[in-house]
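According to this note's numbering, the sequence shown is numbered sequentially starting from 98.
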Amino acid sequence: MFISVFDMFKIGIGPSSSHTMGPMVAAGRFLDLLRGSAFTAQGVRARLHGSLAFTGIGHASDRAVILGLAGFRPDTYDPDAAEAALAEIAARHRVAPDGLPPLAFDPGTDLVLDRGPALPGHANGMVITAIDAQGDAILSETYYSIGGGFILTEAELAEGRDTDDGPPVPHPFKSAAEMLEMCARTGLDIAGLKRANELSRHPRAHLDDGLARIWQVMRDCMDRGLSGEGTLPGGLNVRRRAGAIRLRLLEERGRNLDAPHVINDWMSIYAMAVNEENAAGSQVVTAPTNGAAGVVPAVIRYWLDHVPGASAARVPDFLLTAAAIGGLVKYNASISGAEAGCQAEVGSAAAMAAAGLCAVLGGTPEQIENAAEIALEHHLGMTCDPVRGLVQVPCIERNGLGAIKAVSAASLALRGDGTHLVPLDACIETMRQTGRDMAEKYKETSLGGLAVNVPNC
């Protein structure tokens, strides 16, 4: 099993990896399918099912599909060009992707949010169809957005192709137990195992540059959020708070008013800044998802700015360790809120961040595994119930608390020798079972929890 660090940390756009980035990627894949087919399409249609339908508007899934069919990609997204393209598509009722003739597409009728039963493969399903001049279907594909921006066709999902299927890596591990055994046998730490696996697929310069870019995009996103003002889009009138709280914290620091608990406020605003930017549709890094994108960068920023002896040179080790843990969660359970609730998003992110922090603070592989388990264990059962389907309430604050839990988990693990009762593998399996048993209304449908008990207009 191999899931690259560049799969766990994807550079894209907000507000959702599964509901925004995923549909855009799926639409792009369908364009590639059309380009390689013998059919000459005259138009295209898309139908969103399950969670994509219920919370699609709030997550900008509709915009993402339209832009994906117009040739836009998350990693090269230009917001100004996107707005211009959307206006032209609305006026002309057609998309004009590169390498294909213009395709008829009326956003009002050719994009359907089907709130009936979800498709059988996953809660996030969509069907894209090409039609001829008579309106008959000539090519169709079903896609599933399985979390973190990962997309599978119906056939790929049936084949279990949700991980890399390339050549073998030197240290393949499918469980935390296997990972720890490999560390003991090779003398490598978790980051070392992960680095060796990555280098078997990527040149060293590509890996180093890619990791540096991931952290730079994370930090840039955080800095934008820490200076942001105003109200977030979507109709809830949620005010940006990270920037204003930061100014108050700086003022209190200048007057020597810091209390011991203030460090929690710093961690919270680091995470909230990222997720306020995500809610605004800004550039963000999945970590492992957009809805949980603030936890990992917040904990890295906490370590760099508040822990004596921290060095930016160790950030790659943090990211590699975090990606190793995230890969285990994704492979053995889920990182999709629509599949397993927010335990799969913020819970996974907290486990990744706790492991990364424990690693750069000198933890052993056993202590790192313990840190990840503590953080994940105390998110078990957390529902995904976004008010009005927006990745704002409770998502933004939840990232701040996830970061605090991650730091506490790493600290607790470092106080021990790595010996503990509940293995990380058991915790991940418990999360999978809990997600399976969780009612659908608590899994990113906005049909339960806060989404129905808080006025949203």
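Beta carbons are placed, not taken as given, at the ideal position from N, Cα and C, and that holds for glycine.
Check: Cβ-Cβ distance between Pro120 and Ser158 below 7 angstroms; Outcome: yes
Check: C-beta atoms of Asp211 and Ala288 nearer than 7 angstroms; Outcome: no
Check: Candidates Leu487, Thr283, Leu417 and Gly532, of which the one nearest Val551 by Cα; Outcome: Leu487
Check: Euclidean distance between Cα positions of Gly257 and Asp129; Outcome: 22 angstroms
Check: Rounded C-alpha distance that separates Met528 from Gly478; Outcome: 7 angstroms
Check: Pair within 7 angstroms by beta-carbon distance, Ala201 and Gly140; Outcome: yes
Check: Burial state of His358, where buried means 16 or more other Cβ atoms lie within 10 Å; Outcome: exposed
Check: Cβ neighbour criterion (16 or more within 10 Å) applied to Pro148; Outcome: For clarity, residue 148 is Ser in the given sequence; the question names Pro instead. Flag for Ser148 reads buried.
Check: Contact under 7 angstroms by Cβ, Ala441 with Ser431; Outcome: yes
Check: Paired residues, beta bridge with Phe247 - DSSP; Outcome: Gly244
Check: At least 3 beta-carbon pairs within less than 8 angstroms: the stretch 159-167 vs the stretch 204-223; Outcome: yes
Check: DSSP three-state assignment for Asp207, whether helix, strand or coil; Outcome: coil
Check: Residue interval of the beta strand (DSSP E) (run including Thr226); Outcome: Asn221 to Ile228
Check: Local conformation of Ala201 per DSSP, three classes; Outcome: strand
Check: Nearest to Gly497 (by Cα), restricted to the options Pro214, Pro394, Ala523 and Ile471; Outcome: Pro394
Check: Buried versus exposed call for Asn334 [16 or more other C-beta atoms within 10 Å across all chains shown]; Outcome: exposed
Check: Closest by C-alpha distance to Arg338, when choosing among Glu374, Leu304 and His303; Outcome: Glu374
Check: Chain-order list of residues whose beta-carbon lies under 7 angstroms from that of Gly213 (same chain, five-residue window excluded); Outcome: none
Check: Runs of alpha helix (DSSP H) lying entirely within the stretch 383-418, each at least 4 residues, in chain order; Outcome: 392-403
Check: For Ile525 and Gly461, the rounded distance between their alpha carbons; Outcome: Looking at the sequence itself, residue 461 is Thr, so the reference to Gly does not match. Roughly 20 angstroms separates the two Cα atoms.
Check: Nearest residue (CA-CA) to Glu238, options Asp534, Leu254, His403 and Ala469; Outcome: Leu254
Check: Nearest-angstrom beta carbon gap, Leu329 and Ala376 [assumed within contact, 8 angstroms]; Outcome: 5 angstroms
Check: Leu249 versus Gly222: straight-line alpha-carbon distance, rounded; Outcome: 10 angstroms
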